[in-house]
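Colleague: Can you keep this structure in mind? I'll have questions shortly.
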Amino acid sequence: MKNDKEKLMIALKPCPTCEKGSLLPVNDIISEFSGYVFIEKGERCNECGEEFPYQEETQKTIQAARKLAVWPETLKLHRKLSKSGRGIVFRIPSDIEKQLNLDGSEEVDVSLLGNKIILKIH
Ligand SMILES: [Zn+2]
1449 MKNDKEKLMI ALKPCPTCEK GSLLPVNDII SEFSGYVFIE KGERCNECGE EFPYQEETQK
1509 TIQAARKLAV WPETLKLHRK LSKSGRGIVF RIPSDIEKQL NLDGSEEVDV SLLGNKIILK
1569 IH
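Mapping of the sequence shown onto my numbering: residues 1449 to 1570, in sequence order.
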């Protein structure tokens, strides 16, 4: 009986994204890196469709992607911020600039995800 109760609790885990749906276990979360497709197990919200791969599955994908040399290691560059007159400046590393073919005229969306700053380039 105890097991049934635990299963029920897992099935009713609320979605942290929309706070309306429940997270249900799935085995078909698809990640893609440089044209390679990886399938992961995890949970998906039955309301908004947000997917949460299990951490160990994500690690497996990262390792597989590293073996295939498609994991973007260059995105882990260490850089220092600098100050300008009106605020703090982050210079895009030239590796990333080249990889994304940036010319400096792009517009970006900036969002904060935990302690990470995400730049989405248009
Ligand atoms: Zn949701």
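Note that CB positions come from ideal geometry on N, CA and C, so glycine has one too.
Between ARG1492, PHE1481, GLU1504, VAL1474, which has its C-alpha nearest PRO1462's C-alpha?
Modeller: Minimum Cα distance to PRO1462 is reached at ARG1492.
Colleague: Apart from the five residues just before and just after LYS1468, which ones in its own chain have a Cβ nearer than 6 Å to its Cβ?
Modeller: The answer, listed in chain order, is GLU1495.
Colleague: Looking at the strands, I want to know which residues DSSP matches up with GLY1493.
Modeller: The amino acid occupying residue 1493 in the given sequence is Cys; Gly does not appear at that position. LEU1471, per the DSSP bridge assignment.
Colleague: Going along the chain, which residues of its own chain have a beta-carbon closer than 8 Å to the beta-carbon of LYS1531, five neighbours each way excluded?
Modeller: Here the set comprises VAL1537.
Colleague: Between the Cα of GLU1504 and the Cα atoms of ALA1512, SER1470, ASP1551, which residue gives the shortest distance?
Modeller: Of the listed residues, the one whose Cα sits closest to GLU1504 is ALA1512.
Colleague: In terms of DSSP beta bridges, what is ILE1565 paired with?
Modeller: Bridge partners of ILE1565: LEU1560.
Colleague: Is ASP1490 near ligand 1, judged by its Cβ being under 7 Å from some heavy atom?
Modeller: Note that residue 1490 corresponds to Gly in the displayed sequence, not to Asp. Checking every heavy atom of ligand 1 against the Cβ of GLY1490, none is found closer than 7 Å.
Colleague: Confirm the yes/no value for this check: CB of LYS1508, any heavy atom of ligand 1, distance under 7 Å.
Modeller: No, since every heavy atom of ligand 1 falls outside the 7 Å radius drawn around the Cβ of LYS1508.
Colleague: If we count the other Cβ atoms within 10 Å of its Cβ and call it buried at 16 or more, is PRO1464 buried or exposed?
Modeller: Exposed, since its Cβ has fewer than 16 Cβ neighbours within 10 Å.
Colleague: Rounded to the nearest angstrom, what separates GLY1497 and GLN1507 at their Cα positions?
Modeller: So the alpha carbons of these two residues sit roughly 22 Å apart.
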